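2 protein chains.
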Amino acid sequence: MKFETFKKMVSLSREDICRELFLAHRERIKIKKERVAVGNLVKIFEAALAISNRKGFSAMSLRELSTEAGLSMGALYTCFSSKEELLDLLQKLGRTMVMKVLLSQIDGIADRREKMKRAIQTHLYLSEVMQPWFYFSYMETKNLKKDEQKKAIEAELFTEKVFAGIITEGIADGRFRHVDPDMTAAVIKAMLQDWYLKQWKYGGRRVTVEAYARFLFDVVDSYIVKPLKSKRGTHGRHR
Amino acid sequence: MKFETFKKMVSLSREDICRELFLAHRERIKIKKERVAVGNLVKIFEAALAISNRKGFSAMSLRELSTEAGLSMGALYTCFSSKEELLDLLQKLGRTMVMKVLLSQIDGIADRREKMKRAIQTHLYLSEVMQPWFYFSYMETKNLKKDEQKKAIEAELFTEKVFAGIITEGIADGRFRHVDPDMTAAVIKAMLQDWYLKQWKYGGRRVTVEAYARFLFDVVDSYIVKPLKSKRGTHGRHR
DNA sequence: GTCTATATCTGGATAGAC
DNA sequence: GTCTATCCAGATATAGAC
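Have a look at this one:
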């Protein structure tokens with residue numbers, strides 16, 4: 099699947115995401131009209147992610163946020179009750195989204211190799227659509243309070259389990275070699291994360307998401323799949 | 099090489115490192131006696147890394163640092179002139195060290211495959227010895243001022259070039275497949291970094307550095323090396 | 001060289017006018 | 001619902017005693 103196709107398919111525009119969040123947190127938000135609340139949330143989240151990804155969340159002052167979002171201090175505090183709550187809201191924003199999309203995309207694919215390819219692709223495409231959020235989430239996890247931190251770690255382990263699961267299945271039906279599923283899933287995750295953590299690198303080298311997805315699948319594939327004498331090397335090219 | 103052997107060999111005790119730094123920054127440090135200055139630097143750096151890795155550098159107050167280091171506010175300011183300078187000093191601390199050790203360890207190894215193994219191992223062992231610094235450096239790069247940030251990025255690209263170089267050599271002498279050296283080096287780096295960025299994960303799973311090094315080499319090797327019919331699969335085990 | 005005390009500023013949060 | 005003005009906790013940095 100092309101990235102553009104994916105982008106349209108999972109129509110998670112910023113508004114949609116924020117509307118969902120607004121509905122989930124109705125009680126805690128003082129604004130009553132949906133239109134206004136969602137509009138403000140969008141502006142705040144976008145600005146907060148931008149500033150945080152430049153200098154870190156804790157170095158971002160709320161005054162700074164208010165000017166970048168084009169709202170006053172008072173207006174900010176109608177959407178959240180403390181800077182810490184804003185952090186929690188931001189984290190929650192992406193987590194459920196990621197799991198939902200990832201699972202829906204690989205559900206029902208029988209061929210393990212194909213499933214692996216699709217999982218890699220989906221994770222990369224997702225992190226491309228929501229790049230600021232992924233980066234933010236990675237960098238700020240350690241600044242959450244204990245229980246929120248735990249949820250973030252669970253989310254990381256959850257996606258890892260998805261990959262480990264595919265590998266285990268592949269080993270069971272004999273198409274994959276006897277690699278360590280957990281270790282392999284761990285490094286796959288590391289390579290997936292590099293895509294959104296080092297945008298400056300891949301962007302600068304003009305590597306597209308599609309190209310990175312193909313490349314990454316090649317690396318993984320050549321490690322886990324049992325070599326068929328003649329097949330080896332046919333999928334070794336990229337770009 | 100075993101990790102313990104490596105640890106003794108590169109005898110970079112905290113004191114040694116700080117002494118070097120002290121000598122390099124004599125002018126800017128008010129304390130004149132080497133013994134005292136180095137002792138304080140060690141305490142300060144150790145405490146600063148510990149706190150920063152818990153909550154982030156910008157969230158660390160100097161009061162906090164002074165108590166954790168067992169020094170007064172006044173004493174801190176005899177070692178650096180501002181919080182920002184402390185950040186720069188910390189960053190500089192590890193960079194040169196890494197390059198020096200990494201290059202010295204792989205210098206003069208003719209066999210490309212062996213060289214790759216050694217480079218992976220050395221990088222992992224280094225990041226194990228200096229874990230707090232590696233983690234810190236990764237997380238705080240974006241908070242540096244422009245020119246310091248540039249140096250940090252150069253350092254990242256430098257180690258990446260080391261790996262890309264080995265791959266290019268291996269392709270040239272015909273032992274490696276025609277993979278993309280830059281892309282491959284990039285994901286190798288990503289997997290190396292995962293080791294110190296996700297200590298909670300690997301520590302919790304009781305994975306040792308040696309095991310991770312072997313595993314990682316297997317993954318890389320199976321991707322870049324041309325398969326000899328009979329050889330494939332012989333180095334696919336780990337643990 | 002190291003300490004305590006303090007000047008000065010910045011940032012999170014809120015009250016009350018519009 | 002949004003804005004401005006303000007409170008005050010806590011941060012950096014320094015002065016001066018020991």
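Chains as they are written, first to last, in the numbering used here: chain C, 99 to 337; chain V, 99 to 337.
Ideal placement from N, C-alpha and C gives every residue a C-beta, glycine not left out.
Model, not experiment: these values are computed from the prediction.
*Assumed close pair V/N241, V/F104 - CB separation to whole angstroms, cut-off 8 Å*: Taking the second sequence and counting its residues from 1, one reaches residue 241 of chain V at position 143. Taking the second sequence and counting its residues from 1, one reaches residue 104 of chain V at position 6. That pair is no contact at about 31 Å.
*Reference V/T266, options V/R273, V/P279 and V/I286, closest by Cα*: Counting from 1 along the second sequence, the entry for residue 266 of chain V is found at position 168. Minimum Cα distance to V/T266 is reached at V/P279.
*Are the CB atoms of C/F232 and C/G263 nearer to each other than 9 Å?*
The count along the first sequence starts at 1 and reaches residue 232 of chain C at position 134. The count along the first sequence starts at 1 and reaches residue 263 of chain C at position 165. Against a cut-off of 9 Å, the Cβ pair of C/G263 and C/F232 comes out as no contact.
_Distance, V/L169 Cα to V/M197 Cα_ = As a first step, residue 197 of chain V must be located in the second sequence, where it is residue number 99. As a first step, residue 169 of chain V must be located in the second sequence, where it is residue number 71. Whole-angstrom Cα-Cα distance: 32 Å.
*Are V/L174 and V/L147 touching if we call contact CB-CB under 9 Å?*
Within the second sequence, the letter at position 76 stands for residue 174 of chain V. Within the second sequence, the letter at position 49 stands for residue 147 of chain V. In this structure, V/L147 does not lie closer than 9 Å to V/L174 by Cβ.
_Coil, strand or helix - V/V305 by DSSP_ = On the second sequence, residue 305 of chain V is found 207 positions in, with the first residue counted as 1. Taken through DSSP and simplified to helix, strand or coil, V/V305 comes out as coil.
*Can you have a look at C/H276 and say buried or exposed, based on whether 16 or more other CB atoms are within 10 angstroms of its CB?*
One-based indexing of the first sequence puts residue 276 of chain C at position 178. Classification of C/H276: exposed, given that the 10 Å Cβ count is below 16.
*DSSP-derived helix/strand/coil call for V/F178*: Numbered from 1 along the second sequence, position 80 holds the residue referred to as residue 178 of chain V. Reduced to three states, the DSSP call for V/F178 is coil.
*asked:* Determine whether the beta carbon atoms of C/F313 and V/M107 lie at a separation below 9 Å.
replied: Within the first sequence, the letter at position 215 stands for residue 313 of chain C. Within the second sequence, the letter at position 9 stands for residue 107 of chain V. It is not a contact, given that the beta carbons lie outside the stated cut-off.
*Helix, strand or coil: which one does DSSP assign to C/E323?*
Position 225 of the first sequence holds residue 323 of chain C. In the sequence under discussion, the amino acid at residue 323 of chain C is Val, which differs from the Glu named in the question. Residue state, collapsed to three classes: strand.
*Min CB distance V/V196 to chain C below 9 Å*: Reading the second sequence from its first residue, position 98 is the one you call residue 196 of chain V. It does not: the Cβ of V/V196 has no partner Cβ on chain C nearer than 9 Å.
*Looking only at DSSP bridge pairs, what is V/E274 linked to?*
The sequence position of residue 274 of chain V within the second sequence is 176, counting from 1. Glu is not the amino acid found at residue 274 of chain V; the sequence shown has Phe there. For V/F274, which the question treats as bridged, DSSP gives the partners V/V323.
*asked:* Tell me which residues share the same chain as V/I204 and place their Cβ nearer than 8 Å to its Cβ, disregarding the 5 neighbours each side in the sequence.
replied: Here the question's residue 204 of chain V lines up with position 106 in the second sequence. Hits under 8 Å: K213, R216, A217, T220, V260 and I264.
*Helix or strand or just coil, what does DSSP make of C/A208?*
For the purposes of this step, residue 208 of chain C is identified with residue 110 of the first sequence, where counting begins at 1. Three-state result, C/A208: coil.
*asked:* Please report the distance separating the alpha-carbon of C/L229 from that of C/I115.
replied: Residue numbering aside, residue 229 of chain C sits at position 131 when the first sequence is read from its first letter. Residue numbering aside, residue 115 of chain C sits at position 17 when the first sequence is read from its first letter. The residue asked about is misnamed: residue 229 of chain C is Gln in this sequence, not Leu. The alpha-carbon atoms of C/Q229 and C/I115 are separated by roughly 14 Å.
*Taking Cβ-Cβ distances below 9 Å as the criterion, which residues of the segment 265–280 of chain V are in contact with chain C?*
R275, H276, V277, D278 and D280
*Residues of chain C with a CB under 8 Å from the CB of V/G154: which are they?*
Counted from its first residue, the second sequence places residue 154 of chain V at position 56. Neighbours of V/G154 on chain C, chain order: G154, S156, K240 and N241.
_With a threshold of 8 Å, are at least 3 pairs of Cβ atoms found where one atom belongs to the segment 177–188 of chain C and the other to the segment 124–144 of chain C?_
yes
*asked:* Helix, strand or coil for V/K296? Go by DSSP, reduced to three states.
replied: Stepping through the second sequence from its first residue, residue 296 of chain V is reached at position 198. Reduced to three states, the DSSP call for V/K296 is coil.
*How far does the alpha helix (DSSP H) with C/E166 in it reach, from first residue to last?*
For the purposes of this step, residue 166 of chain C is taken as residue 68 along the first sequence, with counting starting at 1. Run containing C/E166: L160 to A167, per the alpha helix (DSSP H) assignment.
*How is the alpha helix (DSSP H) around V/R117 delimited, first residue to last?*
Indexing the second sequence from 1 puts residue 117 of chain V at position 19. Note, V/R117: alpha helix (DSSP H), R112 to A122.
*Between the beta-carbon of V/M237 and the beta-carbon of C/M237, is there less than 9 Å?*
Indexing the second sequence from 1 puts residue 237 of chain V at position 139. Indexing the first sequence from 1 puts residue 237 of chain C at position 139. The answer is yes: Cβ separation under 9 Å.
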